[in-house]
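Asker:
Residue numbers (the working numbering), protein chains in the order written: chain Y, 1 to 314; chain F, 1 to 257.
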């Protein structure tokens, strides 16, 4: 599968003395396959926005390089095929929503007829049709985010780069955004999604890369990253103290008492049977039982947390 | 082959100038002052047309310079400060095209703002039969040329600074450029230092000579602005503008956002 984005040893060290303490990005090598939704994760200051700025040529790399849609990073040819939604997008507040989209469409050299069709379709898509004649300064944060998505799609790009697209969106807005992303993938477009909302990423992304302190901490398909955990999870109602004492004897097991139920996680299946027996004997009720599914959040916290703990220890 | 984004950016600058109201308000105010001066001159004070022409040119100069500085100093830095630069530069536009588009839009908007003031001046000159309208038009054009150069200077400064610094430095450059002959004379008179003399010379050649665009005295006193002078000064303005725009685009090319 061809790469929509391919970077090798991409590095950035800011010349600004206030940020000179460490490299913002260190030797990042990444391949984003075309036609997929690619999650780009990392804690604040990990280098995600720096990477996006390097891709678009807003800043220059200190080392390394790469290509976007087959063209050098930051080149006009690459940018012609890319749509970009910055984090917290800002627009010319004296323009109306439709005027703004027309302006950005003009920068792509779109003929007026094509532009008009696209602007109308996008305003409908992002739910701003009724607000199209409103000055942008009167838009709410969520509306600005929707307008940002619309301008990112004005050139019908092959690659869409989104930096925190769900910021400022309400639950309905987030669902709409998710639908748009899935629709783009259906049409064979590539989406490069930088986000903090891990549940969202887990739902829509095919692959993810996790960046931490300017370095790639993990990369792979969601399924690969979540791995094949052997842990089992039981949910029990009416558990008594003897159950807690028993679980405490199992190495690596955890017990969490909720208001309504108790959740027990054991490292292997063989530890289950004595617990089930104990529940039956003490008159408890087994509510659910199954393999514990690791979430992206767990992987993220493990990777980022351990790296940060290592950094603090050093 | 894609169409150049220059006219798109230029149109956007003109639209911004109109919507933000600063330019139309300055132009309207300038027109009002010129009209009021005309009525005062002709019907109240009984002074001659020369006084009116002198005041009118001063008003056009002041309001035009103000409009230029307000508009141009916020062009690039405004995009950076309001972070709209990310949306623009992620589109297929080269940085020099953005700077040139801003320049073209600015000088067009300033021309549109100055034109009615020159028109009113010519109207009252026509009413009073107070001199050649063509010479007045040439005078207005020369003033606009000075604003063109000032725009290029301000954009060069804006390519590395914020809007406030750009505005302040542009005013300094503009004022210093008008005063530079006096500065050289002062340096020669007051100091005997070779270094001071050389510095004054460097200062003289580095700054644009805005006095070249000042033909007010000729127009006010019914003199002529020779076509050859007009041509030479236009070439001078073009060369200066290109130099400062080149400087500005080179600096802007290196900037990181």
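All C-beta atoms in this analysis are idealised placements derived from N, C-alpha and C, irrespective of residue type, glycine included.
Nothing here was measured: the structure is a model prediction, and the numbers come from that model.
Expressed to the nearest angstrom, what Euclidean distance is found between the alpha-carbon atoms of residue 69 (chain F) and residue 230 (chain F)?
Answerer: Computed Cα separation, rounded: 24 angstroms.
Asker: Please tell me whether residue 12 (chain F) has its Cβ less than 7 angstroms away from any Cβ of chain Y.
Answerer: Yes, residue 12 (chain F) counts as interfacial toward chain Y.
Asker: DSSP three-state label for residue 220 (chain Y), please.
Answerer: Strand.
Asker: Is the CB-CB distance between residue 276 (chain F) and residue 149 (chain F) below 7 angstroms?
Answerer: Chain F is shown from 1 up to 257; residue 276 (chain F) falls before or after that span and cannot be answered.
Asker: With DSSP collapsed to three states, give me the class of residue 116 (chain F).
Answerer: Of the three classes helix, strand and coil, the one that applies to residue 116 (chain F) here is helix, per DSSP.
Asker: For the segment 28 to 41 of chain F against the segment 137 to 152 of chain F, do three or more pairs of beta-carbon atoms, one drawn from each stretch, fall closer than 8 angstroms, so that the two count as touching?
Answerer: In short, these stretches do not touch, since the Cβ pair count stays below three.
Asker: Whole-angstrom Cβ separation of residue 327 (chain Y) and residue 91 (chain F), contact assumed at under 8 angstroms?
Answerer: Any property of residue 327 (chain Y) remains undetermined from this structure, which presents chain Y solely from 1 to 314.
Asker: Hey, would you say residue 234 (chain F) sits closer than 7 angstroms to residue 212 (chain F), going by beta carbons?
Answerer: No, Cβ-Cβ distance for residue 234 (chain F) and residue 212 (chain F) is not below 7 angstroms.
Asker: Compare the C-alpha of residue 205 (chain Y) against each of Y:215, Y:213 and Y:219 and name the closest.
Answerer: The candidate whose alpha carbon is nearest that of residue 205 (chain Y) is Y:219.
Asker: With a CB to CB cut of under 7 angstroms and the five nearest residues on each side skipped, what residues in its chain are close to residue 209 (chain F)?
Answerer: These residues qualify, in order along the chain: 177.
Asker: Alpha carbons only, please: which of F:236, F:169 and F:253 is nearest the one belonging to residue 72 (chain F)?
Answerer: Considering only alpha carbons, the answer is F:169.
Asker: Can you give the Cα-Cα distance for residue 314 (chain Y) and residue 213 (chain Y), rounded to whole angstroms?
Answerer: Residue placement at residue 314 (chain Y) is flagged as unreliable, the pLDDT there being 49, under the threshold of 50; the coordinate-derived value follows with that caveat. When rounded, the distance between both Cα atoms is 14 angstroms.
Asker: Using 10 angstroms around the beta-carbon of residue 273 (chain Y), count the other beta-carbons present and answer buried if the total reaches 16, otherwise exposed.
Answerer: Exposed, since its Cβ has fewer than 16 Cβ neighbours within 10 Å.
Asker: What is the DSSP secondary structure of residue 49 (chain F), reduced to helix, strand or coil?
Answerer: Residue state, collapsed to three classes: helix.
Asker: Less than 7 angstroms between the C-beta atoms of residue 112 (chain F) and residue 257 (chain F), yes or no?
Answerer: In this structure, residue 257 (chain F) does not lie closer than 7 angstroms to residue 112 (chain F) by Cβ.
Asker: For residue 102 (chain Y), count neighbouring C-beta atoms within 10 Å of its own C-beta (all shown protein chains included) and say buried if the count is 16 or more, exposed if not.
Answerer: Buried, because 16 or more other Cβ atoms sit within 10 Å of the Cβ of residue 102 (chain Y).
Asker: Report the three-state DSSP secondary structure of residue 57 (chain Y) (helix, strand or coil).
Answerer: Three-state DSSP puts residue 57 (chain Y) in coil, outside helix and strand.
Asker: State the beta-bridge partners of residue 72 (chain Y) as determined by DSSP.
Answerer: Paired residues: Y:67.
Asker: Mind checking residue 198 (chain Y): buried by the 16 CB within 10 Å criterion, or exposed?
Answerer: Buried.
Asker: Taking any Cβ of chain Y, which residues in the segment 70 to 87 of chain F have a Cβ under 7 angstroms from it, in chain order?
Answerer: Those residues of the segment 70 to 87 of chain F that come within reach of chain Y (Cβ to Cβ, closer than 7 angstroms) are 82, 83, 84, 86 and 87.
Asker: What residues in the segment 91 to 108 of chain Y bring their beta carbon closer than 7 angstroms to a beta carbon of chain F?
Answerer: Listed in sequence order: 91, 92, 94, 103, 104, 106, 107 and 108.
Asker: Which runs of the alpha helix (DSSP H), 4 residues or longer, sit entirely within the segment 70 to 114 of chain Y?
Answerer: For the segment 70 to 114 of chain Y, whole alpha helix (DSSP H) runs of length 4 or above, ordered along the chain, are 76 to 80 and 97 to 107.
Asker: Assign residue 172 (chain Y) to one of two classes, buried (16 or more other C-beta atoms within 10 Å of its C-beta) or exposed (fewer than that).
Answerer: Answer is exposed; the Cβ neighbour count stays below 16.
Asker: For chain F, check one thing: does any of its Cβ atoms lie closer than 7 angstroms to the Cβ of residue 314 (chain Y)?
Answerer: Any reading at residue 314 (chain Y) must be qualified, since the residue scores a pLDDT of 49, below 50, and its modelled position is unreliable; no value is offered.
Asker: Kindly list, in the order they appear in chain F, the residues whose Cβ is closer than 7 angstroms to that of residue 151 (chain Y).
Answerer: Those are 87, listed as they occur along chain F.
Asker: Would residue 40 (chain Y) pass as an interface residue toward chain F - the criterion being a Cβ-Cβ separation below 7 angstroms?
Answerer: No, residue 40 (chain Y) lies away from the interface with chain F (no Cβ there is under 7 angstroms from its Cβ).
Asker: To the nearest whole angstrom, what separates the beta carbons of residue 75 (chain Y) and residue 8 (chain F), a pair I think is in contact under 8 angstroms?
Answerer: Rounded, the Cβ-Cβ distance is 20 angstroms, inconsistent with contact.
Asker: Going by CA-CA distance only, name the one from F:194, F:62, F:79 and F:33 that's closest to residue 162 (chain F).
Answerer: It is F:79.
Asker: Counting only Cβ-Cβ distances shorter than 8 angstroms, please list the residues of the segment 36 to 63 of chain Y near chain F, keeping chain order.
Answerer: Under the 8 angstroms Cβ criterion, the segment 36 to 63 of chain Y contributes 53, 56, 57, 58, 59 and 60.
Asker: Verify whether the separation of the beta carbon atoms of residue 263 (chain F) and residue 13 (chain F) is less than 7 angstroms.
Answerer: Only positions 1 to 257 of chain F appear in the structure, and residue 263 (chain F) is not among them; the question remains open.
Asker: How far does the alpha helix (DSSP H) with residue 77 (chain F) in it extend, from its first residue to its last?
Answerer: Per DSSP, residue 77 (chain F) belongs to the alpha helix (DSSP H) from 75 to 81.
Asker: Using a Cβ distance threshold of 8 angstroms, determine whether the segment 93 to 100 of chain F contacts the segment 122 to 134 of chain F, with at least three qualifying pairs required.
Answerer: At 8 angstroms Cβ cutoff, the stretches do not touch.
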